[in-house]
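For the protein sequence lines, the chains are U and C, in the order given.
Per my numbering, the first sequence starts with residue 94, numbered consecutively.
Per my numbering, the second sequence starts with residue 4, numbered consecutively.
Even glycine gets a Cβ: it sits at the ideal position worked out from N, Cα and C.
Computed from a prediction, not measured in an experiment: that's the story for all the values here.
As structure tokens, the structure follows; a few thoughts come after it.
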Amino acid sequence: MTLIDLANPTKFLTLTARVLPWLAVATAILLAVGLYRAAVAPDDYQQGATVKIMFIHVPNAWLSMFVWGVMSIAALGTLVWRHPLADVAAKAAAPIGAAFTFLALVTGSLWGRPMWGTYWEWDARLTSVLVLFLMYLGLIALWRAVEDPSRAARAVAVLTLVGAINIPIIKFSVDWWNTLHQGASVLRIGGPTMDRAFLIPLLVMALAFSLLFVTLHLAAMRNEILRRRVRSLQMLQARAFSSEVGTGSREENASKQQSGAA
Amino acid sequence: MSLGPYATFIVTSYTLAATVVLILIGWIALDYRNQRARLRELEAGGIARRSGRGAADF
Chain U
94 MTLIDLANPT KFLTLTARVL PWLAVATAIL LAVGLYRAAV APDDYQQGAT
144 VKIMFIHVPN AWLSMFVWGV MSIAALGTLV WRHPLADVAA KAAAPIGAAF
194 TFLALVTGSL WGRPMWGTYW EWDARLTSVL VLFLMYLGLI ALWRAVEDPS
244 RAARAVAVLT LVGAINIPII KFSVDWWNTL HQGASVLRIG GPTMDRAFLI
294 PLLVMALAFS LLFVTLHLAA MRNEILRRRV RSLQMLQARA FSSEVGTGSR
344 EENASKQQSG AA
Chain C
4 MSLGPYATFI VTSYTLAATV VLILIGWIAL DYRNQRARLR ELEAGGIARR
54 SGRGAADF
């Protein structure tokens, strides 16, 4: 099945119906393995057991940026290739991305309090992630503000591509500015600086959360396609109703005219 | 497994993550049920897609 085949929503729905149960099972297994590896991971010599927060904070932080990347590709799909499922993908991803960003912010805050002595600091990394969260909320609001999804899609696509500038700012904020947040220790030139005892559970959890995103995203896209079918059927129903009313009133007028003439 | 003096922060983080993920799953599952029900309702009322196929069929 090619990308062109998936442009057909019915074929996409058939594929998701087949793939979703397997994805859900794989996600559950990976999450269970990841949580077990996180639970048995040793304490850090400086941070103690609080290092366990990293196993959920970091995957959520990565996904908060990754989901915006997916939405940016979908935005290009809407504006350049006019792929029929591009805006469906973008709309379905936004609330999931917002949830991951929210979790990255809150778990980071809960990790920061014992380690930094504060829940929040207006430094570059934290502030740029907060901006990302607000941008997700903005996109969700824009989708809801415009009734016609195809009209909303173009505005959202432009805004998504403009907002993509924030992704490298988030990633490199710890290098460009002096921040309280630590620098990159996994995705960096020269390889990870983290011990395998922490790196492996972290990567398993990252993979599990990525699969969770794929599963939820496909399910949410399926819902969005169904919602659009409901909308088009409701419009058909309204059109049928208004033509019935029109025909009815014409017949009524005709009978009035006939009785008047008689 | 001892979580040390900051157990509250660790447990709260995991509980919150689980809650948000469960809310997402529940919301998506509920939305799916709602959309399917609305499609069936419309089709039962005689409204059909131009293709003639059932809108909820795939």
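Neighbours of R41 of chain C in chain U, taken as residues whose beta carbon is under 7 Å from its own, are V323 in chain order. When secondary structure is reduced to three states using DSSP, D137 of chain U falls in the strand class. Within 9 Å of the CB of Q327 of chain U, the CB atoms of chain C belong to R41, L45, I50, in sequence order along the chain.
In terms of CA proximity to L42 of chain C, U:R321 leads the group U:S336, U:R321, U:L280. Within the segment 221 to 277 of chain U, the runs of alpha helix (DSSP H) that reach at least 4 residues and sit entirely inside it are, in chain order, 242 to 256, 259 to 269. Only buried fits P102 of chain U, as 16 or more other CB atoms lie within 10 angstroms of its CB. Here V160 of chain U really is in contact with A186 of chain U; their C-beta atoms are around 5 Å apart, less than 8 Å.
Just measuring C-alpha positions, the residue of U:V307, U:T308, U:L280, U:L311 sitting nearest L296 of chain U is U:L280. If you compare the alpha carbons of U:F265, U:A333, U:I318, U:L273 with that of P177 of chain U, the shortest gap goes to U:I318.
For the C-beta of L203 of chain U, the chain C residues within less than 7 Å are, from N- to C-terminus, F12, T15, S16.
For L27 of chain C, the chain U residues whose Cβ falls inside 7 Å of its Cβ are I189, A192, L309, in order along the chain. Collapsing the DSSP output to three states places L6 of chain C in coil. When U:S335, U:A299, U:R324 are compared, the shortest CA-CA separation from T120 of chain U is found for U:A299. For T143 of chain U, a Cβ of chain C is located within less than 8 Å of the residue's own Cβ. Think of a sphere of 7 Å around the beta carbon of P207 of chain U: the chain C residues whose beta carbon falls inside it are Y9, F12, in chain order. Using a Cβ-Cβ cut-off of 9 Å, N101 of chain U is close to nothing in chain C; its nearest Cβ partner there is about 11 Å away. P294 of chain U sits in a helix when the DSSP states are folded into three classes. Under the Cβ criterion of 8 Å, A186 of chain U is not counted among the residues facing chain C. By the neighbour-count criterion, in which 16 or more other beta carbons inside 10 Å mark a residue as buried, T253 of chain U falls on the buried side. The beta-carbon of I149 of chain U is placed less than 8 Å from the nearest beta-carbon of chain C.
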